[in-house]
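**Q** The following block contains the structure, expressed as structure tokens.
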Amino acid sequence: MNKTAFSTFEEFEEAFKAYCQDSHQCYKRRSSISISSRNKRQKFQFDSSYGPYYHIVYICTHGWEDRDRGKGSRPIQRLRNTECKAGLSVTLRRTRSQDGSTYCQYVVTQQTTIHTHPVNEAIWRAYAENRRVNDPNVVGMVRILVKTKSPFKQIHQYVAESSGRLQLSLLHYFAQVYFYTGKDVLPQDVRNMISKIKGEVKQEPVEIRVDTLLNDFVGNNQGNVANLFKNEADIATCITFQTAGMRKFFHLFPEVLLVDTTHKTNDLKYKLFGFMVHDSFGGGQFVQHALIDAETKENMSTAVATFKTNNPNWTRVEVIMVG
1 MNKTAFSTFE EFEEAFKAYC QDSHQCYKRR SSISISSRNK RQKFQFDSSY
51 GPYYHIVYIC THGWEDRDRG KGSRPIQRLR NTECKAGLSV TLRRTRSQDG
101 STYCQYVVTQ QTTIHTHPVN EAIWRAYAEN RRVNDPNVVG MVRILVKTKS
151 PFKQIHQYVA ESSGRLQLSL LHYFAQVYFY TGKDVLPQDV RNMISKIKGE
201 VKQEPVEIRV DTLLNDFVGN NQGNVANLFK NEADIATCIT FQTAGMRKFF
251 HLFPEVLLVD TTHKTNDLKY KLFGFMVHDS FGGGQFVQHA LIDAETKENM
301 STAVATFKTN NPNWTRVEVI MVG
């Protein structure tokens, strides 16, 4: 780096990122000492407004030592370690100016730029960290596509067009000119992004996921209805939901109502009660689903009362069959 002194750590990070991109070098943070940790051992106290770190050591991504975690049955196909010694160290130092006043700044104290491997743009673009898509707009759209269970081909095409390499060929005086922008996004990068997004959803508490799902269900159609009932321990005991189509079917064919239950539909062992009617062709049509934690009188009363509230046409029911 040509510039070796920076007033804040944020300024150093911006300059270091630009330096790595221009020189096609990939560095990783090997170790660091925070300002708070350093202040506990020294008399002079650095202000944390300069940044979070007192000392940071960066090494080349090809300088990490490989950790042999397997038993050798499947040899590693790709290795980064080339025992590269390139690296850089930066330290927050107190400096005295010519007029006698002191000030603090981050100073590059050690730098080695000799690598034991080729360094060029093609290799730099191929690193996984440089292929990773961090654009919040793209990631947000991928979250929506994953939520709607869009096929992988569609998600990969969107990410490739939004953040991937764009190649344009222009015919000018019988010569083709190519322009490359964006990132070299691979299918595996998109799969990793999808897995990370799915992991974020699974980390949410079940209660939040259920509330979000029911709210989305009701918001998708004005005729959809859903109700969640909890006991004194704040545990969901009954969940009922109807689509607009279910309510329409019951409005047309309310004479015969069948109530049946299905077990082992979920890992929480909730029972699924289905309310059904017969259409004009003699086929069964669901008109309400109810998930209950136990087959108790209270839960069944709640499911039936909710059905009556959401379907004013229940007074036309003539026969009720329980399976």
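Taken in order, the sequence shown gives residues 1 to 323; the numbers are from full-length UniProt numbering. We put the beta carbon where it would ideally sit given N, CA and C, even for glycine.
1. Counting only the same chain and skipping the five closest in sequence on each side, list residues whose C-beta sits under 8 angstroms from that of Arg247.
2. Taking buried to mean at least 16 other C-beta atoms within 10 Å of its own C-beta, is Gln242 buried or exposed?
3. Measuring alpha carbon to alpha carbon, tell me which residue in Thr102, Arg125 and Lys297 is nearest Gln25.
4. For the alpha helix (DSSP H) that Met300 lies in, which residues bound it at each end?
5. Compute the Euclidean distance between the alpha carbons of residue 336 and Phe275, then round it to the nearest angstrom.
6. Since Thr112 is in the beta strand (DSSP E), which residue starts that stretch and which ends it?
7. Reducing DSSP to helix, strand and coil, say where Thr315 ends up.
8. Going by DSSP, what residues sit across from Phe286 in a beta bridge?
9. Given Phe174, which residues of its chain have a CB within under 8 angstroms of its CB, disregarding the five upstream and five downstream residues?
10. So what does DSSP say about Tyr58, is it helix, strand or coil?
11. Quick one: any contact between the segment 90-103 and the segment 113-121, if contact means 3 or more CB pairs under 8 angstroms?
12. Are Val159 and Val190 closer than 8 angstroms when you measure CB to CB?
13. Quick check on DSSP: helix, strand or coil for Met1?
14. Quickly, what does DSSP pair Gly323 with across the bridge? List them, please.
15. From this set, Arg131, Cys238, Val146 and Tyr103, which residue's C-alpha is nearest Ala290's C-alpha?
16. Do Arg80 and Ile59 have their CB atoms nearer than 8 angstroms?
17. Which stretch, first to last residue, makes up the alpha helix (DSSP H) that contains residue 324?
18. Per DSSP, Gly87 forms a beta bridge with which residues?
19. Tell me the DSSP secondary structure of Ala236 in three-state form.
20. Count the other CB atoms, across all protein chains shown, that sit within 10 Å of the CB of Ser163; report buried if there are 16 or more and exposed otherwise.
21. What is the residue span of the alpha helix (DSSP H) that Ala126 lies within?
22. Starting from Phe16, trace the alpha helix (DSSP H) in both directions and tell me its first and last residue.
23. From Phe9 to Lys183, what distance separates their C-alpha atoms?
24. Under the rule that 16 or more other beta-carbon atoms within 10 Å means buried, what is Asn227, buried or exposed?
25. Which value, in whole angstroms, describes the spacing of the CA atoms of Phe307 and Met300?
26. Secondary structure at Asp189, three-state DSSP: helix, strand or coil?
**A** Answer, in terms of the structure:
1. Numbered from its first residue, the sequence shown carries residue 247 at position 247. Contacts found: Gly223, Val225, Val287, Asn310 and Asn311.
2. Reading the sequence shown from its first residue, position 242 is the one you call residue 242. Its Cβ being crowded by 16 or more others within 10 Å, Gln242 is buried.
3. Mapped onto the sequence shown, residue 25 falls at position 25. Minimum Cα distance to Gln25 is reached at Arg125.
4. In the sequence shown, counting from the first residue as 1, residue 300 sits at position 300. Note, Met300: alpha helix (DSSP H), Lys297 to Asn310.
5. The structure shown does not extend to residue 336, since the chain spans only 1 to 323, so no value can be given for it.
6. Reading the sequence shown from its first residue, position 112 is the one you call residue 112. Looking at the DSSP string, the run of the beta strand (DSSP E) that includes Thr112 is Thr102 to Thr112.
7. Translated into positions along the sequence shown, residue 315 becomes position 315. If DSSP states are grouped into helix, strand and coil, Thr315 belongs with the helices.
8. Position 286 of the sequence shown, counting from 1, holds the residue named residue 286. In DSSP, Phe286 forms a bridge with Met276.
9. The sequence position of residue 174 within the sequence shown is 174, counting from 1. Residue placement at Phe174 cannot be trusted, given a pLDDT of 45 that sits under 50; what the coordinates show is reported in the next sentence. Counting only Cβ-Cβ distances below 8 angstroms, and skipping sequence neighbours, we find nothing.
10. Numbered from its first residue, the sequence shown carries residue 58 at position 58. Looking at Tyr58 - three-state DSSP - the assignment turns out to be strand.
11. no
12. Residue numbering aside, residue 159 sits at position 159 when the sequence shown is read from its first letter. Residue numbering aside, residue 190 sits at position 190 when the sequence shown is read from its first letter. Going by C-beta atoms, Val159 is nearer than 8 angstroms to Val190.
13. Translated into the one-based positions of the sequence shown, residue 1 becomes position 1. Note: Met1 maps to coil in three-state DSSP.
14. Walking along the sequence shown from the start, residue 323 turns up at place 323. Partner(s): none; Gly323 has no beta bridge.
15. If you number the sequence shown from 1, residue 290 lands on position 290. Comparing Cα positions, the closest option is Cys238.
16. Residue 80 sits at position 80 when you count from the first residue of the sequence shown. Residue 59 sits at position 59 when you count from the first residue of the sequence shown. Going by C-beta atoms, Arg80 is not nearer than 8 angstroms to Ile59.
17. With the chain covering 1 to 323 only, the question about residue 324 has no answer from this structure.
18. Within the sequence shown, residue 87 is the residue found at index 87, counting from 1. Ile59 and Thr112.
19. The residue labelled residue 236 in the question sits at position 236 within the sequence shown. Three-state DSSP puts Ala236 in a strand.
20. Within the sequence shown, residue 163 is the residue found at index 163, counting from 1. Ser163 is buried by the Cβ-count criterion.
21. On the sequence shown, position 126 is the one that residue 126 refers to. Note, Ala126: alpha helix (DSSP H), Glu121 to Ala126.
22. Indexing the sequence shown from 1 puts residue 16 at position 16. Unbroken alpha helix (DSSP H) run through Phe16: Phe9 to Ser23.
23. Reading the sequence shown from its first residue, position 9 is the one you call residue 9. Reading the sequence shown from its first residue, position 183 is the one you call residue 183. Whole-angstrom Cα-Cα distance: 27 angstroms.
24. Working through the sequence shown from its first residue, we reach residue 227 at position 227. Asn227 should be labelled buried.
25. Along the sequence shown, one-based indexing puts residue 307 at 307. Along the sequence shown, one-based indexing puts residue 300 at 300. Each residue's Cα considered, the two are about 11 angstroms apart.
26. Translated into positions along the sequence shown, residue 189 becomes position 189. It is helical.
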